[in-house]
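**Student:** With the working numbering, you'll find the sequence shown wraps up at 329, consecutive numbering, no jumps. Before anything else, here's the structure in question.
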Amino acid sequence: MASAKENNFNNLPKIIYIMGTARSGSTILEILLENGKYAFGAGEVIHIPRDAFLKNNKCSCCNNCHDCNIWGQIYKKFCLSENELTNWINIQKQIDSHFGEIKLLSGLISKQNIAKYKKLNLQLIKYIYQETGCSFLIDSSKYAGRAFAMDKIAPGHVFTICLTRSPAGLLHTFQKPNKSEQKPKKPISVLMYYIVSLSALKLASLTLKNRPLYMTYEELIKSPINSMEKIEKWYGLDLINTKIKIMQKGFFTAKHIVTGNRLRKQKKIQFKSSLGEYKLKGAEKRIVLSIMIFWKKILNF
Ligand SMILES: [Zn+2]
29 MASAKENNFN
39 NLPKIIYIMG
49 TARSGSTILE
59 ILLENGKYAF
69 GAGEVIHIPR
79 DAFLKNNKCS
89 CCNNCHDCNI
99 WGQIYKKFCL
109 SENELTNWIN
119 IQKQIDSHFG
129 EIKLLSGLIS
139 KQNIAKYKKL
149 NLQLIKYIYQ
159 ETGCSFLIDS
169 SKYAGRAFAM
179 DKIAPGHVFT
189 ICLTRSPAGL
199 LHTFQKPNKS
209 EQKPKKPISV
219 LMYYIVSLSA
229 LKLASLTLKN
239 RPLYMTYEEL
249 IKSPINSMEK
259 IEKWYGLDLI
269 NTKIKIMQKG
279 FFTAKHIVTG
289 NRLRKQKKIQ
299 FKSSLGEYKL
309 KGAEKRIVLS
319 IMIFWKKILN
329 F
């Protein structure tokens, strides 16, 4: 008979966790990876209890989540009340944040909540596996805290891609409104965001059991085939179909992604290798940019 420990994780999929800064291409990377063999793209898994189960938002398969043939089935299996879901969402918010790892290490989160987090997340992975049969589960939640926490509850099963964007690229992209999903940020807010998120990413990277694969948005966009090959070598995920589609300029479609940027809602997604120009005018932006570059160097990113 299998021991309780084996029941926890044996035969379950590898988790490929995309952590990183916002607006750095996590949704497009998720869509490229979910086209890999035996892969399932679950999107930003931290938001599944809220967006899929509680709010019943639209999945990229066009069904509302309760009627989606993956999330609907998983929702039924969980059979949680509204209160239980809200409780789960709150625990997730505490642990999966930028500095969730500090909260966990310093004992700020109760043992009871840690146990619930573990039970619910393992159950979620198990149900995803039962519904999809996947060998690779792609989770693009981005938060460093989740990489740390998941690595603790499923040691050895979490493989992380640390996806960041150049300081100039981030400053540039945060100036633009992102069609109702995110508002533009002032340069000083981008700076604060960058310092906090990069530090959290660094801290998580140092503690993970499997060393993360570092990638930048610029690298992914300019050399997608190379980037896919790096991931293939690192995690053993077969991305031949993805590479062919990129080379033939074919169309991708997000399958069952519930939370992510607006790309997931498009019927036909074509990978474009053009970066565009980063326009940064004004003294404030130049000062912020130089501090961001300095911080990046300090953390050795
Ligand atoms: Zn769906």
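For each residue, glycine too, the CB sits at the ideal point set by N, CA and C.
For chain D, find out if any of its Cβ atoms is closer than 8 Å to the Cβ of Gly-48; answer yes or no.
**Tutor:** You won't find chain D in this structure, because it holds only one protein chain.
**Student:** In angstroms, rounded to a whole number, what distance separates the CA positions of Phe-279 and Phe-176?
**Tutor:** Whole-angstrom Cα-Cα distance: 34 Å.
**Student:** Out of Lys-271, Gly-264, Asn-238 and Leu-265, which has the shortest C-alpha to C-alpha gap to Lys-254?
**Tutor:** A small correction: the amino acid at residue 254 is Asn; Lys does not occupy that position in the sequence shown. Answer by Cα proximity: Lys-271.
**Student:** With DSSP collapsed to three states, give me the class of Tyr-245.
**Tutor:** Reduced to three states, the DSSP call for Tyr-245 is helix.
**Student:** Which residues, in chain order, sit with a beta-carbon under 6 Å away from any heavy atom of ligand 1?
**Tutor:** With the cut-off at 6 Å, the residues found are Cys-87, Cys-89, Asn-91, Cys-96, Ile-98, Trp-99 and His-284.
**Student:** So, helix, strand or coil for Glu-34, using DSSP?
**Tutor:** Caution applies to Glu-34, whose pLDDT of 42 falls short of 50 and renders its modelled position unreliable; the value that the coordinates give is listed next. It is helical.
**Student:** Compare the Cα-Cα distances from Ile-223 to each of Phe-322, Leu-241, Ile-181 and Leu-303 and report the closest residue.
**Tutor:** The candidate whose alpha carbon is nearest that of Ile-223 is Phe-322.
**Student:** Is it a yes or a no for the segment 307-323 touching the segment 283-291, going by three-plus beta-carbon pairs under 8 Å?
**Tutor:** No contact exists between the segment 307-323 and the segment 283-291.
**Student:** With a 10 Å radius around its C-beta and 16 neighbouring C-beta atoms as the bar for buried, classify Tyr-103 as buried or exposed.
**Tutor:** Result: buried.
**Student:** Can you tell which of Arg-193, Tyr-263 and Lys-261 has the C-alpha that lies nearest to the C-alpha of Glu-246?
**Tutor:** Of the listed residues, the one whose Cα sits closest to Glu-246 is Arg-193.
**Student:** Give the single residue among Lys-277, Leu-61, Met-275 and Val-316 whose Cα lies nearest to the Cα of Phe-164.
**Tutor:** Checked all of Lys-277, Leu-61, Met-275 and Val-316; the closest Cα to Phe-164 is Leu-61.
**Student:** Which value, in whole angstroms, describes the spacing of the CA atoms of Lys-86 and Arg-314?
**Tutor:** Looking at the two C-alpha atoms, the distance is approximately 40 Å.
**Student:** Counting only the same chain and skipping the five closest in sequence on each side, list residues whose C-beta sits under 8 Å from that of Ile-56.
**Tutor:** Leu-248, Leu-291, Ile-297 and Phe-299.
**Student:** Cα separation between Tyr-155 and Gly-161?
**Tutor:** Cα to Cα, the separation comes out at about 10 Å.
**Student:** Given a cut-off of 8 Å, decide if Gly-100 and Cys-93 are closer than it, judged by their beta-carbon atoms.
**Tutor:** Their beta carbons are under 8 Å apart, which means Cys-93 touches Gly-100 by this criterion.
**Student:** Please classify Tyr-145: is it buried, with 16 or more other beta-carbons within 10 angstroms of its beta-carbon, or exposed?
**Tutor:** The residue is buried, with at least 16 neighbouring Cβ atoms inside 10 Å.
**Student:** Considering only residues of the segment 61-142, which uninterrupted beta strand (DSSP E) runs meet the minimum length of 3 residues and lie entirely inside it, listed in chain order?
**Tutor:** Here the runs fully enclosed are 67-69.
**Student:** Whole angstroms is fine: what's the gap from Tyr-221's alpha carbon to Glu-129's?
**Tutor:** The alpha-carbon atoms of Tyr-221 and Glu-129 are separated by roughly 17 Å.
**Student:** Could you tell me the distance, in whole angstroms, from the CA atom of Thr-188 to the CA atom of Tyr-66?
**Tutor:** Distance between the alpha carbons of Thr-188 and Tyr-66: 18 Å.
**Student:** Inspect the beta-carbon positions of Ser-233 and Ile-46 and report whether they are closer than 8 Å.
**Tutor:** No. Outside cutoff.
**Student:** I'd like the list of long-range same chain contacts for Ile-319, defined as Cβ closer than 7 Å, with 5 residues on each side in sequence excluded.
**Tutor:** Closer than 7 Å at Cβ, skipping near neighbours: Leu-219.
**Student:** How would you call Thr-49, buried or exposed, if buried means at least 16 neighbouring beta carbons within 10 angstroms?
**Tutor:** Answer is buried; the Cβ neighbour count reaches 16.
**Student:** Over the uninterrupted beta strand (DSSP E) stretch that includes Gly-161, give me the two end residues.
**Tutor:** Element bounds for Gly-161: n/a, residue is neither H nor E.
**Student:** Rounding to the nearest angstrom, what Cα-Cα distance links Tyr-263 and Glu-257 in this structure?
**Tutor:** In a straight line, the C-alpha of Tyr-263 is about 10 Å away from that of Glu-257.
**Student:** Whole angstroms are fine: how far does the CA of Ile-119 sit from the CA of Ser-31?
**Tutor:** With a pLDDT of 41 at Ser-31, under the threshold of 50, the modelled position of this residue cannot be trusted, and the question is left open.
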